[in-house]
């Protein structure tokens, strides 16, 4: 017959399982980040080829295609290892569904590349295709962040997701700017779009800053990044303030691309650090939990505590502040005390996890509200986002509150 | 190499796993409900024995102890089957931790019964001991409700949890009233406590009503229940309006116990129906999901759709209203369409689940706020709840809003 101690151990084993799953998730996030990075470069170079009517950048693009193919193969191999039985029911289904969607995109990638060579598609359309595939990959990272069962790991994944999203906005900015410089002009709508991409980046990096460990945060503002940033801001000014119809110097497209790329590659360094730290954190936590499990296991032979202890102990519904790391001297404690400690710790972890996830819920609400606006007002994603921001500014409310208000209106909107 | 279809199937398998886990959970909830029911009777009879100074009800109590021991053995056997590897990481750890806590209580149950025979403990203390064990059992049901991955099942579990909680308040009312009638008098504080238990029941049954299927809801208000309820209300009036020091007729303790028991046994009928329906619902959903899985599987040999479909399809971020039951004609659909359907369905399910869980979050917040008040103002649970209700009434706000306000004050409260 199983005892309380057995279930105490089972709870600990569940925690370890969850952490091991997270460690593997960290690997998946890492390879996903690398694939996104490669596709971002491919998008930028493809745009430059298209904008120059196929006269320039063909070689660089060719090399990049090779690199992308290699990372894609690696991505497929890593996700091949993902075992259905190892996933959590609710999150597992969503994660697998997201992966299935990505694979639809990857399967169409070679045909897409051929189509793009044909010259029928303009840069906007090419960008849109890559944006869609990258968004699908980011959704995989989002699910991973959402499924984390450890608050500390969840914080890192939220930081990572927001960082990747911010970097993707930076990548879209690079692609759009490259196309505009190469074409030699920019209209007001394109300039507006560029400004929107810059704002969106800043917003994502803010959330990243709130959740990332300080060392990683510091990398973003490292001294050597200053020069690149100053050059980027100068080029942004040139792009965004050019009067309607005024000529942009096409030779700046290379400068623009290199400057953006230097910044984005720097961001990739931060990303690599994030994933490496995440893996270390998971290993550390697994080792710690396994040591605890072993300590608990050694208790098995200890005499039972006062059989009435359960009924005599004062009810303590308010958990004392508990660190998830320290553990005291379990050998001197009764199983009941250990059970109470564990319950308190799990409760504290659950509360913390809920708080971290709230930031993801905000994104969910905003995304849903955007979707609603896109469908009902026939807006592009950028315009839907702009509309939400405008409402928020006019009403002096947070974006998420406006999103909630929009969603609560859904019932009274006319059908599409 | 795994294809998009493979991951589509894996997502479906995850859903089926989750449902199978829920079906087993339904079994665990069922046996937990039966154990709680038996312990509630045991508590009532023990109180009557204690209140009569051991002169009456000994035989009835003895019979009930036998019944409780039998259900306890069944409970242990069912939970023995619970496999750590089958549980979800986050929820699993919490569930196992709750079970470990219950086992501490069950292991102390025989010593408790002996202690209660000794006559050193009064009815209030005896009640408190059973209340604690039953609360531990209800916490197991709460975790089960919280871990459900299917919104429809989650609704049922939320209904069931609230019903069990309401029934427990009814049981506490029975125990308290039985003790008061047997003793022959009631003071103002005890009358207040009784009123609080009646209110708490009503509140729980309200939530139950909001989430239960109509057939089950109707059982509560069935015509034959009317007579019992009228008699109960008459006895409640006698108890709650007796002037301080006025004598209650001790022979009414049996009438009170029988009337309360008739009502509570009627509630047990509703509970049995709830668990039976839940099992049926799970089986139905599993069968449906397996049929879908088979249909998807048959798609494997179908030709690939337009390889560019992923990039050409209009982005459709706003999910069309999707029923979780109907499915159209999958054989005529491409894998991409199926993936999109699945993503929409999972999204809709996730949204619905979130809404259902909000009701559980309310309980969590209220419980946490209560715990805070108990710790910092040295209140009993009932008084902490009363204090919250009073604040809510004074400020004309919902209980959950007051709870949130209390919790946000936690940081500025003095340490215990």
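Residue numbers (this note's numbering), protein chains in the order written: chain A, 87 to 502; chain B, 87 to 502. We put the beta carbon where it would ideally sit given N, CA and C, even for glycine. These numbers come from a predicted model, not from an experiment.
Contact note: residue 422 (chain A) reaches chain B through 190, using a C-beta cutoff of 7 Å and chain order. Shown here, residue 207 (chain A) sits in coil according to DSSP, grouped into three states, outside any helix or strand. In this chain, the alpha helix (DSSP H) harbouring residue 251 (chain A) covers 237-269.
C-alpha of residue 343 (chain B) to C-alpha of residue 312 (chain B): approximately 17 Å in a straight line. A Cβ-Cβ separation of about 34 Å leaves residue 112 (chain A) out of contact with residue 279 (chain A) under the 8 Å criterion. Residue-level contact check: residue 185 (chain B) touches chain A, since one or more beta carbons of chain A fall below 9 Å from its beta carbon.
Non-local C-beta neighbours of residue 357 (chain B) in its own chain, meaning closer than 8 Å and more than five positions away in sequence, comprise 119, 123, 246, 249, 250 and 253, ordered along the chain.
For residue 273 (chain B), the secondary structure class from DSSP, reduced to helix, strand or coil, is coil.
Measuring C-alpha to C-alpha distances from residue 380 (chain A) to each of A:267, A:88 and A:96 identifies A:96 as the nearest.
Identification of chain A residues near residue 475 (chain B) by a Cβ-Cβ cut-off of 7 Å yields none; the smallest Cβ-Cβ distance measures about 17 Å.
By the neighbour-count criterion, in which 16 or more other beta carbons inside 10 Å mark a residue as buried, residue 145 (chain A) falls on the exposed side. Neighbours of residue 89 (chain A) in chain B, taken as residues whose beta carbon is under 7 Å from its own, are 189 in chain order. Look at residue 392 (chain B) here: in three-state DSSP terms it is coil, with no helix or strand label. Annotated as distal: residue 286 (chain A) and residue 130 (chain A), with beta-carbon spacing of 9 Å or more. Under the Cβ distance rule, residue 393 (chain A) counts among the residues neighbouring chain B, one pair being separated by less than 9 Å. For residue 169 (chain B), there is no enclosing alpha helix (DSSP H), as DSSP marks it with neither H nor E. Apart from the 5 residues on each side of it in sequence, residue 277 (chain B) sits with its Cβ closer than 6 Å to the Cβ of 326 in its chain, given in chain order. Scanning the region 411-468 of chain B for uninterrupted alpha helix (DSSP H) segments of 4 residues or longer gives 421-463, listed from N- to C-terminal end. Using a Cβ-Cβ cut-off of 9 Å, residue 237 (chain B) is close to nothing in chain A; its nearest Cβ partner there is about 10 Å away.
For the pair of segments examined, the region 428-436 of chain B was found to touch the region 178-189 of chain A: the number of CB pairs separated by less than 8 Å reaches three. Judged by DSSP in its simplified three-state form, residue 164 (chain A) adopts helix.
A Cβ of chain B is located within less than 9 Å of the beta carbon of residue 218 (chain A).
For the region 200-216 of chain B, the residues whose beta carbon sits under 7 Å from a beta carbon of chain A are, in order, 201 and 215.
Looking at the backbone, the Cα of residue 104 (chain A) and that of residue 234 (chain A) are separated by about 8 Å. According to the DSSP assignment, residue 89 (chain A) belongs to no alpha helix (DSSP H), since it is labelled neither H nor E. Under the Cβ distance rule, residue 426 (chain A) counts among the residues neighbouring chain B, one pair being separated by less than 9 Å.
The C-beta of residue 94 (chain B) comes closer than 9 Å to at least one C-beta of chain A.
Residue 190 (chain A) carries a helical assignment under DSSP once its states are collapsed to helix, strand and coil.
A Cβ of chain B is located within less than 9 Å of the beta carbon of residue 198 (chain A). Cβ-Cβ distances below 7 Å link residue 345 (chain B) to 314, 317, 318 and 321 in the same chain, with the five nearest sequence neighbours on each side left out; the list follows chain order. Any Cβ of chain B closer than 9 Å to the Cβ of residue 437 (chain A) would place that residue at the interface, and such an atom is present.
Shown here, residue 300 (chain B) sits in a helix according to DSSP, grouped into three states. For residue 97 (chain A), the residues of chain B that pass the 7 Å Cβ criterion are 179, 182, 183 and 186, in the order they occur in the chain. Cβ neighbours of residue 438 (chain B) within its own chain (closer than 6 Å, five residues either side excluded): 237. In chain order, 157, 158, 161 and 223 place their CB closer than 7 Å to the CB of residue 121 (chain A), counting only its own chain and leaving out the 5 sequence neighbours on each side. A direct Cα-Cα distance of roughly 35 Å separates residue 485 (chain B) from residue 394 (chain A).
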